[in-house]
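Everything in the sequence shown is counted per the numbering used here, starting at 7 for the first residue and increasing by one.
Comments concern the structure below.
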Amino acid sequence: MSAETKALAESAKTALQLAKKHGCSDASANASMEREVNTQWRDGKIEKVSDATSKSVSLGVYVDGKYGSMTTNDLRPAALDKFVADAVSLVRALAKDPHRKLPDPSLYAGRHEGDLEIFDPDVAGLTSEMRVARARSLEEAARSVPGSDKIVSVTTNVGDSTYHSFRVTTNGFEGGYRATSIWVDAETAVKDDDGRRPEDYSAAAVRFAKDLPSDAEIGKDATLRALAKLGAKKMGSGTMPIIVEARAARGLLGHLMGPMSGGALQQKQSFYEGRIGKQVASKAFTLTDEPLVKRGLASRAFDSEGITAKPRALIEKGVLKSYLLDTYYASKLGLSPTTGRVSNLVVAPGTKSLATLLKDMKNGILVTSFLGGNSNSTTGVFSLGLAGYRVANGEKKEAVSEMNLSGKHVDFWSKLVAAGDDPYRWSSWRSPSLMFDGTSIAGK
């Protein structure tokens, strides 16, 4: 355990002792410390630099069947004592809620004890000079591609975070960890002949600095994507196949997570209600929560409640297998807790490359981004703006934009034909490219 984590452990345990002293029947305390640094570079100079460090204790208080949670940044002994006393006093004034309770201690068992490799000392040791140099290098790469004379502006970002946390509860949980992450991105805006200024980006986030792609890869990709949008037009409306590029697929997955949550289920706002064990997607679709991936951006040995993290199938070959339930909503629904929030969300990849999927599709649209839209978690009806490329005879053609994809999620995911072999690496949500048949597209 690092010195920082040990200090946080002392603060968390002190808060817990104070909670018991002031009359709590149960309590949880989470002490954390984070430093986040962001460096933004734009058109040859530093645009903005931020460097923030925070330290806090969050306390969950259970008194006389009542519950409340509070956070303080003042960890001095006298201040912490007053904070806890005030927290307990406030909670006594709340209404009782029989569903508010700590997880059953049996859910703490079997914790993964191996190294998940989520802390990189090289990230913690970065200097401001190193961050600025990288931000500059990203812009230089973005401006190095053919067609760069059309560039209007290039903005790059380099950010990193070092995080320490320790949690303890009155019913036996105790655990802490430290983690790092580093991210880079470049965004290029170009000028079209009609005066429009299309833009695009490239980005990556990892746990270990050495795992980042090169500045050249990120910078050039941002500009090439922006240049490819020049002259983008609407296609005609119709029912057609589409392929959603790996990095854009995250925009689809996000609309599935809310309806899987305990809150949506309890409030009757989920199109997945009552569908456990039923087909909700194509057999080509398997979606899992994978918390134990080494160097994963959301890897963890336990969740925010202390529940031991385990790989879990959410959808397996199109069949809904599990909901996302924390202790509170599991109790309200009369179900067993799983976890309230996913970690590394993984779509099972297929065996075909994106190029092969394009050839298989022959004619349709390659979607490279979703632009706004809406999704109803109760009915599953959605409508999303999209941009990408027209595909003809298996090859990318001109750029398209201002198009719209609509449907119902269960129907739409039932049209999944194949997943590619190219899972997106630079996020905690890892999906490959996805090919759908017979989707509803609105254009001109």
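Ideal placement from N, C-alpha and C gives every residue a C-beta, glycine not left out.
Relative to the Cα of residue 205, the nearest Cα in the group 377, 332, 212 and 115 belongs to 377. Per DSSP, the unbroken beta strand (DSSP E) holding residue 249 starts and ends at 244-250. Per DSSP, the unbroken alpha helix (DSSP H) holding residue 138 starts and ends at 134-148. For residue 17, the uninterrupted alpha helix (DSSP H) run begins and ends at 9-27, by DSSP. A direct Cα-to-Cα measurement between residue 248 and residue 266 gives close to 25 Å.
Classified as buried, residue 441 has 16 or more neighbouring CB atoms from the shown chains inside 10 Å of its CB. The Cβ-Cβ distance between residue 253 and residue 430 falls below 7 Å. The stretch 393-403 makes no contact with the stretch 277-287: fewer than 3 CB pairs, one atom from each, lie closer than 8 Å. Under DSSP, residue 447 shares a beta bridge with 244 and 411. Here DSSP, grouped into helix, strand and coil, assigns residue 170 to strand.
Residue 209 is positioned such that its CB atom lies no closer than 7 Å to that of residue 144.
The continuous alpha helix (DSSP H) containing residue 232 extends over residues 221-234. The closest CA to that of residue 255, considering only 373, 330 and 239, is found on 373. With a threshold of 16 other beta carbon atoms within 10 Å, residue 235 meets it and is buried. Annotation note: the stretch 255-298 contains the following uninterrupted alpha helix (DSSP H) runs of length 4 or greater, listed N- to C-terminal: 268-272. According to the DSSP assignment, residue 87 belongs to no beta strand (DSSP E) but to the alpha helix (DSSP H) extending over 83-98.
Contact fails between the stretch 113-129 and the stretch 195-203, because fewer than three Cβ pairs, one in each stretch, are under 8 Å apart. With contacts defined as CB atoms closer than 7 Å, residue 315 and residue 304 fail to qualify as a contacting pair.
The C-beta distance from residue 271 to residue 293 rounds to 17 Å, too long to fall under 8 Å, and the pair is not in contact. In the DSSP secondary-structure assignment, residue 367 is not bridged to any residue.
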